[in-house]
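Count along the sequence shown from 1, add 2, and you get the number used in full-length UniProt numbering. Beta carbons: idealized from backbone N, C-alpha and C, even for Gly. Everything numeric in this text was worked out from a predicted model, so none of it was measured. Presented below is the structure to which this report refers.
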Amino acid sequence: QEKITTATIKQKKAEGRPITMLTAYDFPMAKIVDEAGIDMILVGDSLGNVVLGYDSTIPVTMDEMVHHVKAVRRGASRAMIVADMPFLSYQASEKEAVRNAGRFLKEAGAQAVKLEGGAEVAGVVRKIVNAGIPVVGHLGLTPQSIHQLGGFKVQGKDVQVAKKMIADAKALEEAGVFSIVLECVPTPLAKLITESIGVATIGIGAGPHCDGQVLVIHDILGLYPRFTPKFVKQYADLHDQMATAVKQYKEEVEARDFPAPEHCFGMSEEVLEKLY
Ligand code: KIV
Ligand code: NA
3 QEKITTATIK QKKAEGRPIT MLTAYDFPMA KIVDEAGIDM ILVGDSLGNV
53 VLGYDSTIPV TMDEMVHHVK AVRRGASRAM IVADMPFLSY QASEKEAVRN
103 AGRFLKEAGA QAVKLEGGAE VAGVVRKIVN AGIPVVGHLG LTPQSIHQLG
153 GFKVQGKDVQ VAKKMIADAK ALEEAGVFSI VLECVPTPLA KLITESIGVA
203 TIGIGAGPHC DGQVLVIHDI LGLYPRFTPK FVKQYADLHD QMATAVKQYK
253 EEVEARDFPA PEHCFGMSEE VLEKLY
């Protein structure tokens, strides 16, 4: 199987073939996603919520991200790995942004990075792209700006915000992104943006007209019972299955039903006799 590159993504948009993306944060999950033939693995800063137990993405650090991108790298051989740039890793200066983006390729083995924002990050995007690092943009609901947005809600229902989002998408394309994630965007606006730009849009809560779709893997597997957004379709209930398995193990140990003979090692009577 051929490795997915930015060229594959461009080609899929041109041919109208849907692009598939899911998050993963460790070796076993990356292996499942890669072997299923998903095009892109996003090591999202949603790591903070679904794996590290923070209540937002704000506290996630570069070192935490690099650690998990490395694990994903070892589990994925075909999918393109996109590493999310965490809060404050690209906002302070362009120089810092390029260094941090570069760490994901140099130390962790990612093939691209993603960062949040529109025209205001176009300069930073340009610098990272000029360093040879493919960049994915992220518009609409951008969780790193949650305190500024004032909550988790659909973005672009009014003309001002919608117009800004269209302009932001064009600014990002101009700055050199090869793809843009659209999060919590009304279906018609996501369609308009998708038709207005030459790079692929990847939707999450942005309707069926995007060039691709992305979701958080813990959400589709039912592994994050704390909160499930409207745009998530849950394909399994692993939290329930895992809780049941753990309870069963506890009961069997307490009842001395586990371990059974097939889980145990014997030794010869002859040796055993000498021990008594
Ligand atoms: O961090 C993340 O998982 C993301 C996706 C929701 C797009 O940014
Ligand atoms: Na993210």
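- By the Cβ neighbour-count rule, residue 144 is buried, with 16 or more other Cβ atoms within 10 Å of its own.
- In summary, residue 89 is buried, with 16 or more beta-carbon neighbours lying within 10 Å of its beta-carbon over all protein chains present.
- When C-alpha distances from residue 73 are compared across 109, 238 and 48, the shortest belongs to 109.
- Pairing residue 171 with residue 239, the inter-Cα distance amounts to about 36 Å.
- In the DSSP assignment, residue 184 falls within the beta strand (DSSP E) that extends over 181-185.
- The beta carbon of residue 127 sits closer than 8 Å to the beta carbons of 117, 137, 139, 174, 177, 178 and 179 from its chain, once the five residues preceding and following it are set aside; these are given in chain order.
- Boundaries of the beta strand (DSSP E) harbouring residue 142: 137-142, taken from the DSSP string.
- The region 34-46 and the region 78-94 touch, with no fewer than 3 CB-CB distances between them shorter than 8 Å.
- Under the three-state reduction of DSSP output, residue 222 falls in the helix class.
- About 4 Å separates the Cβ atoms of residue 52 and residue 220, confirming a contact at the 8 Å cut-off.
- Here residue 262 has no same chain residue with a Cβ atom under 7 Å from its own Cβ, once five neighbours each way along the sequence are excluded.
- Counting along the chain, residue 150 sits inside the alpha helix (DSSP H) bounded by residues 148-151.
- Its chain contains 184, 187 and 192 as the residues whose beta carbon lies nearer than 6 Å to that of residue 208, once the 5 sequence neighbours on both sides are disregarded; these appear in chain order.
- When the Cα atoms are used, residue 211 and residue 245 turn out to be separated by approximately 37 Å.
- When DSSP states are grouped into helix, strand and coil, residue 201 belongs to the coil group.
- Within the region 84-121, the complete beta strand (DSSP E) segments at least 3 residues long are 114-116, listed from N- to C-terminus.
- For the set 115, 50, 121 and 257, the Cα lying nearest the Cα of residue 134 is the one of 115.
- DSSP, reduced to helix, strand and coil, places residue 174 within a helical segment of the structure shown.
- Assigned with DSSP and collapsed to three states, residue 230 falls in coil, not helix or strand.
- Boundaries of the beta strand (DSSP E) around residue 21: 21-25.
- One thing to note: residue 106 has its Cβ within 9 Å of the Cβ of residue 67.
- Ranked by Cα distance from residue 7, the first of 84, 57, 254 and 266 is 84.
- Shortest gap from the CB of residue 145 to any heavy atom of the ligand KIV: under 8 Å.
- Here residue 70 is buried. Its C-beta has 16 or more other C-beta atoms within 10 Å.
- Short note on residue 140: C-beta closer than 8 Å to some heavy atom of the ligand NA.
- Runs of the beta strand (DSSP E) lying entirely within the region 40-66 and spanning at least 3 residues, in chain order: 42-45.
- Residue 166 has its Cβ no nearer than 8 Å to any heavy atom of the ligand NA.
- Those residues whose C-beta sits under 5 Å from the nearest heavy atom of the ligand NA are, from N- to C-terminal order along the chain, 46, 47 and 86.
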